[in-house]
Amino acid sequence: MQQSHDELTRSDFETINRICDFLDIDLGDLLSFKKIRKNN
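In terms of UniProt numbering, the numbers along the sequence shown are unbroken and rise by one, the last being 40.
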């Protein structure tokens with residue numbers, strides 16, 4: 001079970017990376033933006 005979860009996470013991350021590349025967004029900016037929204 002744990003192994004399939006890790007695989008899912010890895011493929012999700014690759015998908016997010018691809019979307020970020022496509023939209024020309026830095027993943028770090030996206031994460032810090034999420035943190036900023038959470039704080040407000």
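Glycine included, C-beta positions come from ideal geometry on N, C-alpha and C.
By how many angstroms is the C-alpha of residue j removed from the C-alpha of residue i?
i	j	result
asparagine 17	asparagine 39	24 Å
threonine 9	isoleucine 36	24 Å
phenylalanine 22	threonine 15	10 Å
residue 44	serine 11	Because the chain spans 1 through 40 in this model, residue 44 falls outside it and cannot be assessed.
glutamate 7	phenylalanine 33	26 Å
glycine 28	phenylalanine 13	13 Å
So, using beta-carbon positions, are residue i and residue j closer together than 8 Å?
i	j	result
leucine 30	cysteine 20	yes
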